[in-house]
Amino acid sequence: MARLTSASALAVAVALFASTAVASAPLATAQSELPVPPQEYEQPWLGDQAHIVKTEDLGGNFHRVHVWSPANREIVVNEVISAPGGQARPTFYLLPGIKGSAIPSDFSWSRHTDVRSFFADKNVNVVMPIGGPHSAWTDWDFPDPALGVNKWNTYMESELPGLIDGAFHGTGRDAIGGLSSTGGAALDIAAHAPQRFRAAASYSGCPIRSGAAGIFSSAAIMASGGGNPFNAWGQPFSPSWPDHDPNADPGRLRDVKVFVSSGSGVPGPIDEPQNQPYDGLNLWTGPAAVEAGVNGCTEVFANNARAAGVDVNRYYMPQGSHSFPLFAHSMRTSWDQTIAGAIGA
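Mapping of the sequence shown onto mature numbering (1 follows the signal peptide of the UniProt record, and there is no 0): residues -23 to -1, 1 to 322, in sequence order.
See the structure below:
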């Protein structure tokens, strides 16, 4: 199995640690022993079954679908681009950025890319959930005092897809993609539900989530929002860490078409000057370092997954930093090269 060298592991961890400003959120030494008190939940309980609370039609086959998630104890907003007509179609799920795409400065597929025009003529539903800031889009073992309840594996594997199929003529033959902090999450979700997700993509993400470097980088994502990483998967090296690590057992993805992408970290023409994820920060500093780190992570995962018999499309850009334009370019490439064929779109 290919491994990160100690130097590479340190580079990955430091780059991701720096990019999420983890210093502002100290790590606790143990998971919370008690659940978050019920009075801290602002959302009233709406029943044990996930269901659509309301749908807003925003024009041009663009919708905002509000879904009650019992697992997360909240109503989750999902942006949906529905395919025209009433014929059956697959669904492509695109996970949000580190802050959940709920605020204007955070990455949003609908605000910062051409996703609506790109999919306008394609026979596929595109669903973009909003929420789960700093959660790494995973199932947490414990509620967290800062980040609350997070059960995003459950939401994506058992709650949301059936509702989308029923409301938008879905076939159940789906794909999932994530960027940056949710790239590994997309592969993890697909690994746990390969019968649903026939293809999965990581765009400039780090699909290594256990071991020294994986624990450090995952903890940085969670702690940057004030969360205690040990509330997610327990103490370091407990079984939950490798269970949510696509690299720990890549063979779980043998029935999934996998696309993983990254740039070298060297800024280039693809990094347009507008809509950068780090406002006012030179591309040669934060975004370049982060992309160089995830590039190493992605290469290690791709080699290990191929050795385990996984069909991996490894897409590498010789230029490109951790920027919105690179994420969008990688998503379009994944659709053309991997996703569309895998889900029959």
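Where a beta carbon is used, it is the ideal one built from N, C-alpha and C, also for glycine.
Task: His111, buried or exposed, once every other Cβ within 10 Å from all chains shown has been counted against 16 - done: buried
Task: Start-end ranges of the alpha helix (DSSP H) lying completely within the region 47 to 100, minimum 4 residues - done: 86 to 89 and 92 to 95
TODO: Report buried or exposed for Trp22, applying the criterion of at least 16 other Cβ atoms within 10 angstroms of its Cβ.
DONE: exposed
- [ ] Tell me where the alpha helix (DSSP H) around Ser307 begins and ends.
- [x] Phe301 to Ser311
- [ ] Use the C-beta contact count for Pro73: other C-beta atoms within 10 angstroms, 16 or more gives buried, fewer gives exposed.
- [x] buried
TODO: Figure out for me which residue from Gly286, Ser311, Ala322 and Ser239 has the closest Cα to the Cα of His299.
DONE: Ser239
Task: Straight-line gap, Ile247 to Gln26 (C-alpha atoms, nearest Å) - done: 44 Å
Open item on the list: I'd like the span of the beta strand (DSSP E) that includes residue 411, first residue to last.
Closed with: Past the edges of the chain, shown from -23 to 322, lies residue 411, and the structure says nothing about it.
- [ ] For my contact list, Ile185 and Asn224 are in at a C-beta cut-off of 8 Å; report their separation, rounded to the angstrom.
- [x] 4 Å
TODO: Please state if the CB of His89 and the CB of Asp165 are separated by a distance shorter than 8 Å.
DONE: no
Task: Pair within 8 Å by beta-carbon distance, Gly245 and Gly297 - done: yes
Open item on the list: Here's the rule: buried if 16 or more other CB atoms are within 10 angstroms of the residue's CB, otherwise exposed. What is Ile80?
Closed with: exposed
TODO: Just tell me which of Phe304, Tyr293, His28 and Trp312 has its CA closest to the CA of Ile141.
DONE: His28
TODO: Below 8 Å on the Cβ atoms is my guess for Gly161 versus Ser179; work out the distance and round it to an integer in Å.
DONE: 6 Å
TODO: Closer than 6 Å by C-beta to Phe96: which residues in its own chain qualify, once you throw out the five before and the five after it? Chain order, please.
DONE: Ile58 and Val103
TODO: May I ask which residues mark the beginning and end of the beta strand (DSSP E) holding Pro106?
DONE: Asn102 to Ile107
Open item on the list: So, with DSSP's three-state summary, where would you put Gly37?
Closed with: coil
- [ ] Kindly confirm or deny that the region 35 to 53 and the region 65 to 72 touch, where touching means at least three C-beta pairs closer than 8 Å.
- [x] no
TODO: May I ask you to report which of helix, strand or coil DSSP gives Ile153?
DONE: strand
TODO: Mind reading off the beta-carbon distance from Val53 to Gly108? Whole number of angstroms is fine, and I expect it under 8 Å.
DONE: 5 Å
Task: Rounded separation between Ala177 and Arg291 - CA only - done: 12 Å
Task: When Lys128, Val126, Arg150 and Ser217 are compared against Val101, the one with the closest alpha-carbon - done: Arg150
- [ ] Give me the Cα-Cα distance between Asp288 and Ala167, rounded to the nearest whole angstrom.
- [x] 13 Å
Open item on the list: Using only the alpha-carbon positions, how far apart do Ala113 and Met133 sit?
Closed with: 13 Å
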